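Chains as they are written, first to last, in the working numbering: chain A, 1 to 280; chain B, 281 to 560. Report on the structure given below.
Protein chains: 2
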Amino acid sequence: MIIIKIGGGAAIGEAAFRNFATDLRDLLDAGRTAVVIHGANAAFSQLSRQLDLPPVMVTSSSGRVSRYTDAATMDAMLMTYCGKVNKTLVGIMRAAGVDAVGLSGLDGGIAIGRRKPVLRGTVDGKARIFRDDHAGTIAQVDVRLIRLLLGNGYLPILTPPALGEEGVPINVDGDKLALALAAELGAEALLFFSDTPGLLRDVRDETSLVREIDAAAPESALAAASGRMVVKVEAALGAIAQGVGEVVFSDARAERPVSRALSGEGTVVRSTMTAAPSQF
Amino acid sequence: MIIIKIGGGAAIGEAAFRNFATDLRDLLDAGRTAVVIHGANAAFSQLSRQLDLPPVMVTSSSGRVSRYTDAATMDAMLMTYCGKVNKTLVGIMRAAGVDAVGLSGLDGGIAIGRRKPVLRGTVDGKARIFRDDHAGTIAQVDVRLIRLLLGNGYLPILTPPALGEEGVPINVDGDKLALALAAELGAEALLFFSDTPGLLRDVRDETSLVREIDAAAPESALAAASGRMVVKVEAALGAIAQGVGEVVFSDARAERPVSRALSGEGTVVRSTMTAAPSQF
């Protein structure tokens, strides 16, 4: 089982989707099993601008910055993630001969999200309280529907949001959704695709690619990492600890992106020691 | 098996969805099987206005008027039908205890659409040719995925568009999708819900409701019908001819809309003669 997360960057459009589709068709024909999770951040940002929904960034007392997701912003998320991008990807996959089925975290209760009843913090230095934030974390995943589809030859193509209380959609992180599903499904590989060759020591320099991180001794990699890369390395280490075979950060813009990542192109995170038992 | 088409009018919002959800939960608990198809026309029109995509109405040489669906308009359709409305309905159904799964006609190849390579006609009296129209007709339905979900206790919630050649989405009529699925699934009842009590002799007068149409002798009903109602009556007659038990046009704004329609409230179309053998 391979879990494939396709990032939602502006550089990852229909041409990239077609590369994923033909590559995946060949891998599925060869007997591999896969689940795809995708983002849609560029499409979401574009629609938010068109609908005049500027991002409201809230800084918590502990300094964490999060985007406040009101009901109109959640609608824009549903429209781009579950509508435009999910169905465009499904159409391209099907045209390549992949029996694709597009789903959100709400469908079949795949991902249950939890939100805080009240979001407190500062916006542009001013104290604010929001009571209808639609952002949250993944509380639980249910892979019953995914297993049913896989067992009948379908390729599930999943996307945030998750399902919250009273049926309200909850904005959850797509990378974390992929991680939770990889752990629950006991994936042999979890592949993260974005518009970079992998994890870079210097984000402005594509030649600074980190080729391998030993999950049993990640200290040097973490020491060299900064910003968003720390989050990604820690997420990968968490996946390995939960029994995922390997995590690869690789380039979504390659011609055969999945085959290439499986052959080790990008940043490979695995343990030189026997994998820890799954925490699930 | 009941096929439920929920119209996409502005009066059919979250409050109506909640009525459908509790009613359906009770009917499913009582052993009924159902498939829901929904529209999203009001949300689509609103987004089209917000994105400055005015409708381009093309009149063919035979006088038929159709909306030209360019790529940007199709994106707005994906966003509202498959994104906002489909997932809002799934969330509300799940909150009521229905194990709902939202899908478009693209997913699992449920509906295959066909479009004309070239759309010719006049727009505001001026001759025009369009080569990238995304509107078309349903060529084929495949209920394999729907049967799989029903057999495992899920409620499929479907919406246009359909899947065209090369994976391109095709704008098809939601009523016709419901009809094709009802015929293919051999439904005992096909229920159309909109923001009227049923078929009206006079659209401005809700007391002019047509209570019953005999599919074996529809001439008087057709003679009294006009405009959009003729299309609906002819569609209902076609469904009966294809083996659907009965067709009911009923009110989406009622408290228990499905139970009410099944008890005969609205316009009931059925045959006093033995049903004709299915043409499928």
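A virtual CB, placed ideally from N, CA and C, is assigned to each residue, including glycine. A quick note: this is a predicted structure, and the numbers were derived from the prediction, not measured.
Any idea if residue i is buried or exposed, counting beta-carbon neighbours within 10 angstroms, 16 or more meaning buried?
| i | result |
| --- | --- |
| Glu166 (chain A) | exposed |
| Gly109 (chain A) | buried |
| Asp107 (chain A) | buried |
| Gln242 (chain A) | buried |
| Thr487 (chain B) | exposed |
| Gln330 (chain B) | exposed |
| Asp133 (chain A) | buried |
| Ser543 (chain B) | exposed |
| Glu368 (chain B) | Correcting the residue type first, residue 368 (chain B) is Thr in the shown sequence and not Glu. Thr368 (chain B) should be labelled buried. |
| Gly105 (chain A) | buried |
| Ala261 (chain A) | buried |
If you drop the 5 nearest sequence neighbours on each side, which residues of the same chain put their C-beta closer than 6 angstroms to that of residue i?
| i | result |
| --- | --- |
| Val247 (chain A) | Leu190, Ala236, Ala239, Val269 |
| Glu212 (chain A) | Val268 |
| Leu158 (chain A) | Ile37, Leu103 |
| Thr73 (chain A) | Leu53 |
| Ser270 (chain B) | Given a span of 281 to 560 for chain B in the structure shown, any question on residue 270 (chain B) remains unanswerable. |
| Thr59 (chain A) | Val65, Gly121, Thr122 |
| Ser271 (chain A) | Ala215, Ala216, Ile240 |
| Phe192 (chain A) | Lys5, Phe249 |
| Gly311 (chain B) | none |
When the Cα atoms are used, what is the spatial distance from residue i to residue j?
| i | j | result |
| --- | --- | --- |
| Gly9 (chain A) | Ala43 (chain A) | 8 angstroms |
| Thr349 (chain B) | Asn451 (chain B) | 7 angstroms |
| Gly525 (chain B) | Arg394 (chain B) | 28 angstroms |
| Arg481 (chain B) | Gly363 (chain B) | 35 angstroms |
| Ala497 (chain B) | Val511 (chain B) | 17 angstroms |
| Ser530 (chain B) | Val513 (chain B) | 13 angstroms |
| Ile418 (chain B) | Phe410 (chain B) | 20 angstroms |
| Ile426 (chain B) | Ala407 (chain B) | 43 angstroms |
| Asp489 (chain B) | Asp453 (chain B) | Note that residue 489 (chain B) corresponds to Leu in the displayed sequence, not to Asp. Taking the straight line from one Cα to the other gives about 24 angstroms. |
| Val56 (chain A) | Val123 (chain A) | 7 angstroms |
| Asn432 (chain B) | Ala182 (chain A) | 23 angstroms |
| Leu185 (chain A) | Val85 (chain A) | 24 angstroms |
| Leu248 (chain B) | Ala501 (chain B) | For residue 248 (chain B) there is no data in the structure shown, the boundaries of chain B being 281 and 560. |
| Ser558 (chain B) | Leu459 (chain B) | Low per-residue confidence applies at Ser558 (chain B): pLDDT is 47, beneath 50, and the placement is therefore not dependable, though the value from the model is reported in the following sentence. Going by the C-alpha atoms only, they are around 13 angstroms apart. |
| Val398 (chain B) | Pro436 (chain B) | 34 angstroms |
| Asp214 (chain A) | Ile2 (chain A) | 20 angstroms |
| Leu199 (chain A) | Gly266 (chain A) | 7 angstroms |
| Ala555 (chain B) | Val35 (chain A) | Low per-residue confidence applies at Ala555 (chain B): pLDDT is 47, beneath 50, and the placement is therefore not dependable, though the value from the model is reported in the following sentence. Answer to the nearest angstrom: the Cα atoms are 44 angstroms apart. |
| Ala467 (chain B) | Ala162 (chain A) | 32 angstroms |
| Tyr434 (chain B) | Asp309 (chain B) | 12 angstroms |
| Ala96 (chain A) | Met229 (chain A) | 33 angstroms |
| Ile4 (chain A) | Glu499 (chain B) | 58 angstroms |
| Arg25 (chain A) | Val90 (chain A) | 13 angstroms |
| Arg144 (chain A) | Val98 (chain A) | 21 angstroms |
| Leu27 (chain A) | Arg347 (chain B) | 40 angstroms |
| Gly63 (chain A) | Pro440 (chain B) | 44 angstroms |
| Gly125 (chain A) | Val168 (chain A) | 30 angstroms |
| Leu78 (chain A) | Ala71 (chain A) | 10 angstroms |
Report all residues from its chain with a CB closer than 7 angstroms to the CB of residue i; omit the five preceding and five following residues, and keep chain order.
| i | result |
| --- | --- |
| Asp303 (chain B) | Arg536, Pro537, Val538, Ser539 |
| Ile300 (chain B) | In the sequence as displayed, the identity of residue 300 (chain B) is Phe instead of Ile. Ile286, Pro537, Val538. |
| Ala291 (chain B) | Asp475, Arg533 |
| Pro374 (chain B) | As written in the sequence, residue 374 (chain B) is Arg, which differs from the Pro given in the question. Correct list, in chain order: Ala380. |
| Ile372 (chain B) | Glu294, Phe297, Arg298, Ala301 |
| Thr231 (chain B) | In the structure as shown, chain B starts at 281 and stops at 560, and residue 231 (chain B) therefore has no counterpart that could be examined. |
| Pro197 (chain A) | Glu206, Leu209, Asp251, Gly266 |
| Val141 (chain A) | Ile110, Ala111, Ala180, Leu181, Glu184 |
Near residue i, what residues of its chain come up, given a Cβ to Cβ distance below 8 angstroms and the 5 sequence neighbours on each side ignored?
| i | result |
| --- | --- |
| Gly507 (chain B) | Val483 |
| Lys456 (chain B) | Thr417, Ile418, Ala515 |
| Ser61 (chain A) | Arg120, Gly121 |
| Gly164 (chain A) | Ile112, Gly113, Arg114, Arg115, His134, Gly136, Ile170 |
| Asn321 (chain B) | Gly287, Gly288, Gly289 |
| Thr313 (chain B) | Met281, Ile282, Leu430 |
| Pro224 (chain A) | Looking at the sequence provided, one finds Ala at residue 224 (chain A) rather than Pro. Counting only Cβ-Cβ distances below 8 angstroms, and skipping sequence neighbours, we find Arg201, Val210. |
Given that residue i touches chain E, what residues does it touch there, using C-beta distances under 7 angstroms?
| i | result |
| --- | --- |
| Asp75 (chain A) | The structure shown contains no chain E; its protein chains are A and B. |
(request) Mind checking the stretch 414 to 441 of chain B against chain A and listing, in chain order, the residues whose C-beta falls within less than 9 angstroms of any C-beta there? (result) Listed in sequence order: Arg424, Leu425, Leu428, Leu429, Asn432, Tyr434, Ile437, Pro441.
(request) Report the residues of the stretch 359 to 375 of chain B with a CB closer than 8 angstroms to any CB of chain A, ordered along the chain. (result) Hits within the stretch, in order: Met359, Thr360, Tyr361, Cys362, Gly363, Lys364, Asn366, Lys367, Thr368, Val370, Gly371, Ile372, Met373, Arg374, Ala375.
(request) Closer than 8 angstroms, Cβ to Cβ, to anything on chain B: give me those residues from the stretch 43 to 69 of chain A, in chain order. (result) For the stretch 43 to 69 of chain A, the set of residues with a beta-carbon nearer than 8 angstroms to any beta-carbon of chain B comprises Leu47, Gln50, Leu51, in chain order.
(request) Using a Cβ-Cβ cut-off of less than 7 angstroms, give me the residues of the stretch 115 to 132 of chain A that come near chain B, in sequence order. (result) Against chain B - using a Cβ distance shorter than 7 angstroms - the stretch 115 to 132 of chain A contributes no residues.
(request) Please list the residues of the stretch 441 to 452 of chain B that have a C-beta atom closer than 9 angstroms to any C-beta atom in chain A, keeping them in chain order. (result) Hits within the stretch, in order: Pro441, Leu443, Gly444, Glu445, Glu446, Gly447, Val448, Pro449.
(request) Could you run through the stretch 469 to 501 of chain B and flag, in chain order, every residue whose CB is less than 7 angstroms away from some CB of chain A? (result) The residues in question: there are none.
(request) Compile a chain-ordered list of the residues in the stretch 376 to 395 of chain B whose CB is closer than 9 angstroms to at least one CB of chain A. (result) Of all residues in the stretch 376 to 395 of chain B, Ala376, Asp379, Ala380, Val381, Gly382, Leu383, Ser384, Leu386, Asp387, Gly388, Gly389 have a Cβ within less than 9 angstroms of some Cβ in chain A.
(request) At 4 residues or longer, and completely inside the stretch 349 to 404 of chain B: list those alpha helix (DSSP H) runs for me, N to C. (result) Listed in chain order, the complete alpha helix (DSSP H) runs (minimum 4 residues) inside the stretch 349 to 404 of chain B are 351 to 357, 366 to 375.
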